[in-house]
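Here the sequence shown is numbered in the working numbering, starting from 20 and rising by one per residue.
Below: the structure, in structure tokens.
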Amino acid sequence: MITENEIKKIDDKIKLLRDTAEELNSLSDSVPTISRNTTRLLATVKMMELNISDCIDFDILK
């Protein structure tokens, strides 16, 4: 089973991904492909955030 410490590490990395994707998105006004891809990346990050909250909500932690 995954530990609370591991969840925290994963959560920190997901937050870093979100911050980086948001920064890239804000810099990409003149590059439409970067804008589209960072939007997709942010959707994927959102799914990872939901997965982590599920681990906590369903008491998967040991």
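Note that the Cβ used here is the ideal one computed from N, Cα and C, for glycine as well.
These numbers come from a predicted model, not from an experiment.
Simplified DSSP state of residue i, which is helix, strand or coil
i	result
S49	coil
M66	helix
I26	helix
I21	coil
Beta-carbon proximity list for residue i, same chain, < 8 Å, skipping 5 on both sides
i	result
N44	I53, S54, T57, T58 and L61
I75	I26
D48	S54
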